[in-house]
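First the structure, in the form of structure tokens, and then the observations on it.
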Amino acid sequence: MARRRVVITGLGTINPLGQSVVDTWQQARSGASGVTRITHFDPTEFRAQIAAEVEGFDPEVYIPRKEVRRLDRNAQFFWAASAQALQDADLAYEEDDPAALRAGVACGSGIGGIITFQDEVGVLRDRGPNRVSPLAITKIISNMAGGLASIEFNLFGPNICTVTACAASANAIGDAAEIIRRDDADVMLAGGSEAGIVELSVASFASARALSTRNDDPERASRPFDADRDGFVMGEGAAVLVLEERQHALDRGAAIYGEVMGYGMSADGYHITMPRPGGAGAARAMSHSLRDAGLEPGDIDYINAHGTSTPANDSTETAAVKAAFGDIAYKIPMSSTKSMTGHLLGGAGALEALLCVLAIRDGVLPPTINYETPDPDCDLDYVPNEAREATVNYAMSNSFGFGGHNVALVFGPPS
Amino acid sequence: MDRSEIESKMVDLLVEELGIERDKIAMGSKFEEDLEVDSLGVVELLMALEDNFDVNIPDEEAENITTVSEAVDIVATKVNG
């Protein structure tokens, strides 16, 4: 029996570049930066004082006021992106709709409701246990974004949450595609969200020396593959893709953006934060995704890199791409859109999958901005500074998480 | 504190703390049926009442509160001794 095929029929996103797919894509094509000095709190005492924030997000555009206050910002982002994606896919389910039983959710998040976590620890410390909110836990747990989506949008099929740090939403998309392939659902909302620009996480990432400290030049701080890169820049937001079994989409006349072709995973098994030198783990994830897609290295027209702008990631990822693709690596354009969006952590994989899908649709490669000084250890074509027109049939998106989680996804054209 | 003051403050808390629309709230409104406040919401309200009126409402007393008016009653009793 032929494998069920999985296509993409809806997109939604809230991120530092824009609060819609149209705005995001326009900004990404123009090479805009979403990075500024942090405004969510006073960062004066912090080693890293910059981030890519979602400015002026009004949750009440999407969520009833009564519900807004019961959701962490992380879940608000996911709700908003889900609402956009379902509308884009022209899908809506009533509570008694049998099709709702075949529609599910896969959400990814790295650190869930960490804003609430920090706030409620403060309440516990300052005011005692009897003043901790009854909603603290429901706002903190990462899976609640998906739980809420099922409640709000009547999605009664499989409902899972992936928490593989910065690979979380790439895993969500891959796992959701697998759920559809094995006939457990016809439609899956798949993506992830993060809202971690809060004192606790900024301080910890900074202490780990993972963040850029280019505080006096925020827009140029996220500079993947550049020789002068000095760490990643935190971002926030969400992206959601509507995945759908291909015949199901064709039968209802849905507009199809593209297809989820391949999903590959591996573990570095090496260190809690550092990638395995040489990138063998990441390379295996890429090779697995190609095999799953039934493609050869030469079929890939574009790679959206994990490309965090940390010294270790970018050189190791470059080595990994060479290990997986051989000499063909030099001919495949590979950009890091984190140069513009910052690093959405658990939301990154989904946002970058979304950008791959748009790259395929429009034949445009979003750039790596702030690329100025070549690094001998990073010698591939990084689509420096300006978007590029190119025919893109197949695109790969890489996502790697603390803990050594490696994920690669391959996307293809609609036909 | 007179009753109308407590009523007014109660409505403010329901709007501010639970996000309920002001014009939906009447003294006879039932929390669960009329205002769609679930069990977690009731706990939130109790904590807000304790903070704002500086009273202590034990769970066994809280169990009897089903309407806005009953919540006002219990606060009035506590505040005014």
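In order, the protein sequences belong to chains L and W.
For the first sequence, the numbering used here gives the first residue as 143, with consecutive numbering after it.
For the second sequence, the numbering used here gives the first residue as -5, with consecutive numbering after it.
Using N, Cα and C, we set each Cβ at its ideal position, and we do this for glycine too.
Here the structure is a predicted model, which means the values were calculated and not measured.
- Listed along chain L, the residues sitting closer than 7 Å to residue 41 (chain W) by beta-carbon distance are 273.
- Fewer than three beta-carbon pairs drawn from the stretch 522 to 541 of chain L and the stretch 286 to 295 of chain L are found closer than 8 Å, and the two stretches are therefore not classed as touching.
- Any Cβ of chain W closer than 8 Å to the Cβ of residue 208 (chain L) would place that residue at the interface, and such an atom is present.
- With fewer than 16 neighbouring CB atoms inside 10 Å of its own CB, residue -5 (chain W) falls in the exposed class.
- For residue 401 (chain L), there is no enclosing alpha helix (DSSP H); the residue is found in the beta strand (DSSP E) stretching over 400 to 409.
- Taken through DSSP and simplified to helix, strand or coil, residue -4 (chain W) comes out as coil.
- DSSP links residue 245 (chain L) through a beta bridge to L:329.
- The C-alpha of residue 367 (chain L) is placed about 19 Å away from the C-alpha of residue 550 (chain L).
- Within the same chain, and ignoring the five residues on either side of residue 205 (chain L) in sequence, the residues whose Cβ sits closer than 6 Å to its Cβ are 221.
- In the displayed model, residue 196 (chain L) falls within coil according to three-state DSSP, outside both helix and strand.
- Within the stretch 206 to 243 of chain L, the alpha helix (DSSP H) runs of at least 4 residues that lie entirely inside it are, in chain order, 207 to 210, 215 to 231.
- Contact between the stretch 299 to 318 of chain L and the stretch 328 to 335 of chain L is established, with three or more Cβ pairs separated by less than 8 Å.
- Of the residues L:462, L:544, L:178, L:170, the one whose Cα lies closest to the Cα of residue 414 (chain L) is L:544.
- Counting along the chain, the unbroken beta strand (DSSP E) around residue 540 (chain L) starts and ends at 537 to 543.
- In the three-state reduction of the DSSP assignment, residue 68 (chain W) falls in the helix class, which pools H, G and I.
- Going by DSSP, residue 374 (chain L) is part of no beta strand (DSSP E) at all; its letter is neither H nor E.
- For residue 201 (chain L), no CB of chain W lies under 8 Å from its own CB, so it is not counted at the interface with that chain.
- As DSSP reads the structure, residue 485 (chain L) sits in a beta bridge with L:376.
- About 11 Å separates the beta carbon of residue 485 (chain L) from that of residue 379 (chain L), a gap too long to meet the 8 Å contact definition.
- Beta-bridge annotation (DSSP): residue 386 (chain L) is paired with L:149, L:329.
- Within the stretch 396 to 470 of chain L, the complete alpha helix (DSSP H) segments at least 4 residues long are 422 to 435, 453 to 467, listed from N- to C-terminus.
- Measuring C-alpha to C-alpha distances from residue 244 (chain L) to each of L:212, L:556, L:387, L:403 identifies L:387 as the nearest.
- Contacts between residue 211 (chain L) and chain W, judged by CB atoms closer than 7 Å, involve 13 in chain order.
- A check of alpha carbon separations from residue 452 (chain L) across L:337, L:168, L:369 identifies L:369 as the nearest.
- Around residue 167 (chain L), the same chain offers 500 as residues with beta carbons nearer than 7 Å, after the five sequence neighbours per side are excluded.
- Around the beta carbon of residue 408 (chain L), a 10 Å sphere encloses 16 or more other beta carbons of the protein chains shown; the residue is thus reported as buried.
- Here residue 365 (chain L) carries a coil assignment [DSSP, helix/strand/coil].
- Close to residue 37 (chain W), with beta-carbon spacing below 8 Å, are these residues of chain L in chain order: 276.
- With 16 or more other Cβ atoms inside 10 Å of its own Cβ, residue 300 (chain L) counts as buried.
- In the DSSP assignment, residue 553 (chain L) falls within the unbroken beta strand (DSSP E) covering 547 to 554.
- Less than 8 Å divides the Cβ of residue 60 (chain W) from the Cβ of residue 24 (chain W).
- Per DSSP, the unbroken alpha helix (DSSP H) holding residue 344 (chain L) starts and ends at 341 to 349.
- The beta carbon of residue 278 (chain L) is closer than 7 Å to those of 258, 262 in its chain, skipping five residues each way along the sequence.
- About 6 Å separates the Cβ atoms of residue 354 (chain L) and residue 374 (chain L), confirming a contact at the 8 Å cut-off.
- Annotation: the stretch 274 to 331 of chain L contains the following complete segments of the beta strand (DSSP E) (minimum length 3 residues), in chain order: 301 to 304.
- Around the Cβ of residue 52 (chain W), a 10 Å sphere holds fewer than 16 other Cβ atoms; the residue is exposed.
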